[in-house]
Amino acid sequence: MTEQVKDNVIFDVKDFNLYYGSNHALHNINMQIYKNAITALIGPSGCGKSTFIKTLNRMNDLIPSVRLEGSIKYKGQEIVNSDINVYDLRKEVGMVFQKPNPFPMSIYDNIAYGPRTHGIKNKSVLNEIVEKSLTDAAIFDELKDRLKDSALSLSGGQQQRLCIARALAVKPDVLLMDEPTSALDPISTSKIEELVLKLKEEYTIVIVTHNMQQAVRISDTTAFFLLGDLIECDKTDTIFSEPKDKRTEDYITGRFG
Amino acid sequence: MLNTASNAASRKLYKNFMRGCMLLCVSLTIALVFFLIAYILFRSIPYFSIDILTTKPSYLRGTIGVLPDILNTIYLVLTAIVIVLPLGVGAAIYLTEYANSPKLVKVIEYAVETLAGIPSIIYGLVGMLFFCQFLGFQTSLLAGSLTLVIMNIPIIIRTTQESLKTVPQGYREGSFGLGAAKFYMIRTVVLPCCIDGIVTGCILATGRMLGESAALLFTAGFAHTLNGYFDGITSSGATLTVALYVYAKEQGEFEVAFVIAAILLILCFITNYLSQYLANRMRNAHNPQGQR
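Top line first, the protein sequences correspond to chains A and B. The numbering of the first sequence is the working numbering, which starts it at 1 and goes up by one. The numbering of the second sequence is the working numbering, which starts it at 258 and goes up by one.
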């Protein structure tokens, strides 16, 4: 049984610390992220959720002043301060951003961007990937006749689902989502939530959210961050029904945040 | 307190007077521009002929054509643009996308600004000493081109940098997030977005090169020989602006001088118009809704 649990661990975070220059932004984070589950990271603004999620695919490398300590193992492989191939890591651990950021190209080229990056040039293979990704992101029917149109002509919600499709096109194992619905209207938000629940069958999902109802609706595990500390990480039901820490309770009952 | 009738009247007078002054300034400016254009066209149109545009100056045949000067200008500008474009764009990409020491960037940017403000005659002097003499290019279009390259690097760097800065950070993150390497990201996402800025910079630089004379007097020479590209670039040759100076000041042939002036004026209109037109068109091609 223990062995099986171990196989299910995608990310194993141990004593992880992160500094922006001299600012100690994340303190001693310990948590595990499980396969084919949705892990929600909640907490007030500026508590380190986004910073943490960006470590999981080393997007923090782009900020020169960032310094990391401790260990994060992705499928048993160390990714903190190690010389793993970050391009391959980012291919396996895809990311969807807070603000929909389709490239100023056609819808087709947006989806094909990732595969092309990794060397796929064959037209029919690309066609197949584009169709599959758009279908998986539940947006193919809406867009199948406009693949040549600019991605910027889509609505915000469609753009975000396009970005999810774009991330799926490189066949990742994990999908990191940094507040993917915070810039969207309620209807687009519920479409994305449905999509995320469906994607769980094939992918491991880590989602940062400001919206606690969203965490309750979609996640299996919830981690509560406060001022750079991971206060509590447990089954979502447990966190929201009987939190162990007073601060978690205060936050989820709306006493601050 | 309410204004008395006389107070209101004097205010109105004052307002109208100031308005009149401003109007005068505007009309004076416009009148000057129109006078200049009209005068040049008036003086040059009688001399425009197929002959003057297609021949070289020759005492034997009695022609004073400007074709060599036109070709020299084209050779010079083409060469300079081909060299300055990769240099300037490359430098701008380094400064915006790669350099991670803000201090170094500041210093380089300051140097670039300074370079832009130096009077062109100084470039001419240095160009003559360095390219013509030290590197041994003699007085040639090549030496002139290289001098223009140095003069125009700042424009290309600045316009490219401005447009690199308008590329949303989200595009870069999106590309990195899919596992793209840095240069691949720049080539596929960032550069296509700022092609309009690069083209604008290119045309601005072309305009400045067309109008440059002081630096070329030292470096490119005065010859009016009809040459092919490779002969032309290595020998002395007058561009339109230099030829204008020579005809007007040293030979007193004002009809040719005015024809050249008119050609330069037309080129100037074309470059200005092109830079705006192309920049708009390219932006729209990428951005049907004008979003950035």
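Cβ atoms here follow ideal geometry from the backbone N, Cα and C, with glycine treated the same way. No experiment lies behind these values; they were computed from the predicted model shown.
For GLY70 (chain A), the uninterrupted beta strand (DSSP E) segment begins and ends at 66-74. In this structure GLU193 (chain A) is not in contact with GLN98 (chain A), their Cβ atoms being roughly 16 Å apart against a cut-off of 8 Å. In the three-state reduction of the DSSP assignment, GLU194 (chain A) falls in the helix class, which pools H, G and I. With a cutoff of 8 Å on beta-carbon distance, LEU405 (chain B) and ALA337 (chain B) are scored as near each other.
Secondary structure note for LYS235 (chain A): its beta strand (DSSP E) is the uninterrupted segment 229-235.
Neighbours of PRO425 (chain B) across chain A, judged by C-beta separation under 8 Å: ASN101. Boundaries of the alpha helix (DSSP H) harbouring GLY156 (chain A): 156-168, taken from the DSSP string.
In this chain, GLN32 (chain A) is not harboured by any alpha helix (DSSP H); it is covered by the beta strand (DSSP E) spanning 23-34. With contacts defined as CB atoms closer than 8 Å, MET177 (chain A) and ILE205 (chain A) qualify as a contacting pair.
Remark: three or more beta-carbon pairs, one from each stretch, lie closer than 8 Å, so the segment 514-523 of chain B and the segment 286-304 of chain B are flagged as touching.
Annotated as proximal: LEU382 (chain B) and PHE475 (chain B), with beta-carbon spacing under 8 Å. A contact is defined here as three or more CB-CB pairs under 8 Å, and the segment 9-18 of chain A fails this definition with respect to the segment 187-202 of chain A. By the neighbour-count criterion, in which a residue is buried when 16 or more other Cβ atoms sit within 10 angstroms of its Cβ, GLN390 (chain B) is exposed. As computed with DSSP, PRO314 (chain B) is found in a beta bridge with B:ILE321.
One finds LEU435 and GLY436 in chain B with Cβ atoms closer than 8 Å to the Cβ of LYS91 (chain A), taken in chain order. When DSSP reads this structure, LYS14 (chain A) sits in a beta bridge with A:SER71. Under the three-state reduction of DSSP, TYR203 (chain A) is assigned to coil, being neither helix nor strand. Cβ-Cβ separation between LEU399 (chain B) and ILE460 (chain B): approximately 23 Å, too far for a contact (criterion under 8 Å).
The beta carbon of ILE414 (chain B) sits closer than 6 Å to those of GLY345, ALA348, ALA349 and VAL369, all from its chain and outside the five residues before and after it, given in chain order. HIS24 (chain A) counts as exposed, since fewer than 16 other beta carbons sit within 10 angstroms of its beta carbon. Per the coordinates, the alpha-carbon of ALA165 (chain A) lies some 16 Å from the alpha-carbon of GLU430 (chain B). Taking the Cα of GLN395 (chain B) as reference, the smallest distance to any Cα among B:THR496, B:ALA477 and B:ALA500 is reached at B:ALA477.
Exclusion of the five residues before and after MET31 (chain A) leaves VAL13, ALA223, LEU230 and CYS233 as the residues of its chain whose Cβ lies within less than 7 Å of its Cβ. Only residues of its own chain outside the window of five on either side were considered, and among them none has a CB closer than 7 Å to the CB of LEU62 (chain A). Per the DSSP secondary-structure output, ALA223 (chain A) pairs in a beta bridge with A:LEU41 and A:CYS233.
In this chain, MET59 (chain A) is not harboured by any beta strand (DSSP E), its DSSP state being neither H nor E. In this structure, the beta-carbon distance from ILE340 (chain B) to GLY322 (chain B) does not fall below 8 Å.
At a C-beta separation below 7 Å, CYS450 (chain B) has these neighbours in chain A: PRO104.
For the C-beta of GLY458 (chain B), not a single chain A residue is nearer than 7 Å; the gap to the nearest is close to 20 Å.
Under the Cβ criterion of 8 Å, GLY431 (chain B) is counted among the residues facing chain A. DSSP, reduced to helix, strand and coil, places GLY94 (chain A) within a strand of the structure shown. Within chain B, the residues whose beta carbon sits less than 8 Å from that of HIS118 (chain A) are GLY436, listed in sequence order. Against chain B, the CB of MET177 (chain A) has no partner CB under 8 Å away; the residue lies outside that interface.
Look at the segment 451-518 of chain B and you find these whole runs of alpha helix (DSSP H), each 4 residues long or longer: 452-468, 471-476, 486-491 and 497-502. With distances taken between CA atoms, THR55 (chain A) lies nearest to A:ASN81 out of A:ASN36, A:ASN81 and A:ASN122. Under a criterion of Cβ atoms nearer than 8 Å, no residue of chain B is adjacent to PHE52 (chain A); the nearest Cβ is some 16 Å distant.
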